[in-house]
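If you're matching positions, the sequence shown starts at 188 in the working numbering and goes up one per residue.
Step one of this worksheet: look at the structure below.
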Amino acid sequence: MSGYRELFDTSISDPAAFWAEAAKAVTWTREPQRVLDDSNPPFYRWFPDGELNTCANALDRHLDERSDQAALIYDSPVTGTTRTYTYRELHDRTARFAGVLRNLGVAKGDRVVIYMPMVPEAVIAMLACARLGAVHSVVFGGFAAYELAARIDDARPVVVVSASCGIEPTRIVDYKPMLDAALAHAEHTPSACVILQREQQPCALVDGRDVDWADAIATAEPVGPVPVAATDPLYVLYTSGTTGKPKGIVRDNGGHAVAMMWTMRHIYDVEPGDVYWAASDVGWVVGHSYIVYAPLLLGATTVLYEGKPVGTPDAGAFWRVVAEHRVKVLFTAPTAIRAIKKEDPNGDRIKDYDLSSLASLFQAGERLDPDTFHWAAGKLGIPVIDHWWQTETGWAIAADPMGVQVLPVKPGSATVPMPGYDVQILHSDGVVAEPGEEGAICIKLPLPPGTLPTLWGDDHRYVAAYLSAFSGYYLTGDGGYLDEDGYLFVMGRTDDVINVAGHRLSTGSMEAVLAEHPAVAECAVIGVADEIKGQVPRGFVVLKAGASADNLAAELVAAVRENIGAVAVFKSVDVVPALPKTRSGKILRKTMRGIADGRDEPVPSTIEDPAVLEALRSILRR
């Protein structure tokens, strides 16, 4: 581990020198003279006097050498479309759409909410915001109107960019009605909405508010990149919070660009000109970091895939994309591999394609279980790398640094902490755990470049949510341990956030929806293990006196779908006589989850009425 260890130790002992060297890969309009501003802890800032434009780094600076190289490959089996954009073409479209946004009043520092499917225009809209120095906030297309409205109210965008519809394998998802409902519900009103009309389901536009994408871009003049401070925000991305109110993760321009460039070479072993595919969605952090920004900042080719791992058309879908586009690195969630494995357990479809270009498979978004690891490694015959990170961090906390030194794999482990992440396992009293002892996974401050400097408009919540549990440490919200070799094992969340197919969702938000039903006296939602999706939510409700359970489950499922979205995969609700609680009134969700997952959970000593839990055991194990 000498190569890795030397890099890691330097990043911890002299972070300023380490990241100053990494910053040389970025093109600055004003070179930073300071690397780290640590004058106001816990609010650390990287490259505080630097200036740059992220879009110019992703597009403009490649035009001399890579003008005709593929920048973006759009592969859409749900529409039967494949389209390649060179760096020149992507640059020209982005500069022109930046002109559209400027014509609509968007200026440096303004926010733009993007609510779009997996189409090239989503990438163009993100880059166009960066070009203007505006702040984009992408909302995943699977979120329902209420969740979209909450994000609109928090970000207060000047413009919303959306599309008429999204395409699923078996249905068309009408985006425009959800956008209209969100705007009707939201307190904030944007000045305009730009709508991409898709031929599968065009929509009616609202006079005086809605602008047709094609019409607007046809007459817009291209604009150049606007320099911004390295500490200015590039984007705000909302993640589920335990209070039910989403948290706006802020990503700055300078630290983000430096971190993205560093990770492509050192973690993923990708060079300019290589083809890189993150099979995620632009609405999630993986899509931000590794569909849009990191590959383009480096000068690689990125793949934008509008499809599924199975069903578009079969379990060979991923392997077709790898073979046709000569993908070097594939990054996806274990959920996708489990779905492929279920449909094609013997890996027969793998044999149908030439996968000689594929050097490694990276997994993240949820824990890579050993069975899935062994299946993928055995069938593909390449390194399968589990790595762990969060929306908050923007890049891997722990990984196998393939571009530095290939370390031995330990199934179930995300391998070792990456440079800049001083990972410590802490007991509740703040004492550092011994190797092999479980505790709270924490990171000693300052966090490295590219991680969140705060929450959007809420420094107090940033400190309360992440920095207050242990002085001088960032609390990840996950529990786990470091073994004697320094390998990190992440065992799961310690709060009410669950992981559904790699998507972090708050059970508290789902409980809030259930509690609004007039028949429900109290409720609990837990995440239970699922063979394909990792976890899925299950609801349990206690009725008010005299209330009827007739059709209640269907009504509650529909309510969660309407308020949270189909992404929650909320399909199961049980009516129960009572919920198990501690004597202080806390519902024993962790115990319920353990029983539902098949573990022999002991009865906690703090339980108010053991008979309530015993009565639930058979229901939980169904």
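We treat Cβ as the ideally placed atom computed from N, Cα and C, and that holds for glycine.
By the three-class DSSP mapping on this structure, what secondary structure does residue i have?
i	result
E252	helix
N686	strand
C629	strand
D279	helix
G329	coil
G486	coil
I572	strand
W643	coil
Y660	strand
Y302	strand
R217	strand
D531	coil
S735	coil
H375	coil
Y540	coil
I199	helix
R192	helix
A746	helix
I751	coil
L634	coil
V619	strand
L291	coil
R338	helix
Which partner residues does residue i have in the DSSP bridge list?
i	result
K434	T426
R270	Y261
E709	V729
T519	Q550
Q722	A716
I130	Absent from the model: residue 130. The displayed extent of the chain is 188 to 809, so no value can be given.
K768	I774
D676	Inspection of the sequence shows that residue 676 is occupied by Phe rather than by Asp. Paired residues: Y668.
W233	L223
D397	C380
G761	Per the sequence presented here, residue 761 reads as Asp, with Gly not at that position. The partner list for D761 (beta bridge, DSSP) reads F727.
H323	V299 and Y422
A416	E238
P604	A585
P476	The sequence as given places Ser at residue 476; Pro does not occur at that position. Answer is none; S476 lacks a bridge partner.
V348	I301 and V381
With a threshold of 16 other CB atoms inside 10 Å of the CB of residue i, please say whether the residue is buried or exposed.
i	result
V514	buried
R804	exposed
T216	exposed
K538	exposed
R808	exposed
H278	buried
D558	exposed
R358	exposed
P606	buried
H574	buried
A698	At residue 698 the sequence reads Glu, which differs from the Ala that was named. Buried: at least 16 other Cβ atoms inside 10 Å.
G328	buried
G621	First, the amino acid is wrong: residue 621 is Glu here, not Gly. That one is exposed.
N244	buried
Could you give the residue range of the alpha helix (DSSP H) that holds residue i?
i	result
W506	A504 to H512
S805	P797 to L807
G353	Premise fails: G353 lies in the beta strand (DSSP E), C352 to I354, not in any alpha helix (DSSP H).
A444	N440 to H453
C242	T241 to A245
D558	P557 to L567
V700	T694 to A702
Quick check on the DSSP output: the beta strand (DSSP E) that includes residue i runs from which residue to which?
i	result
A315	From DSSP, A315 is part of no beta strand (DSSP E) but of the alpha helix (DSSP H) over P307 to L319.
W464	V462 to A465
I359	I359 to D361
Under 8 Å, with one C-beta from each stretch per pair, do the region 237-249 and the region 434-444 reach the 3-pair mark? yes
Count the C-beta pairs between the region 701-718 and the region 300-308 that are closer than 8 Å, then say yes if the count reaches three, no if not. no
Hey, is the region 454-466 in contact with the region 265-278, meaning 3+ C-beta pairs nearer than 8 Å? no
Counting pairs of beta carbons, one from the region 249-256 and one from the region 213-229, are three or more of them closer than 8 Å? no
Please confirm if the region 655-667 is in contact with the region 538-554, defined as three or more CB-CB distances below 8 Å between the two stretches. no
Is it a yes or a no for the region 194-207 touching the region 377-388, going by three-plus beta-carbon pairs under 8 Å? no
Any 3 or more C-beta pairs closer than 8 Å across the region 369-379 and the region 329-344: yes
Between the region 593-613 and the region 670-677, are three or more C-beta pairs nearer than 8 Å? yes
Would you call the region 624-632 and the region 655-662 in contact, with 3 or more CB pairs under 8 Å? yes
Determine contact between the region 521-532 and the region 474-482, defined as no fewer than three beta-carbon pairs at a distance below 8 Å. no
Cβ contact check for the region 322-336 and the region 255-269: 3 or more pairs under 8 Å: no
Could you check whether the region 280-296 touches the region 311-320, counting it as contact only if at least three pairs of C-beta atoms, one from each stretch, sit closer than 8 Å? yes
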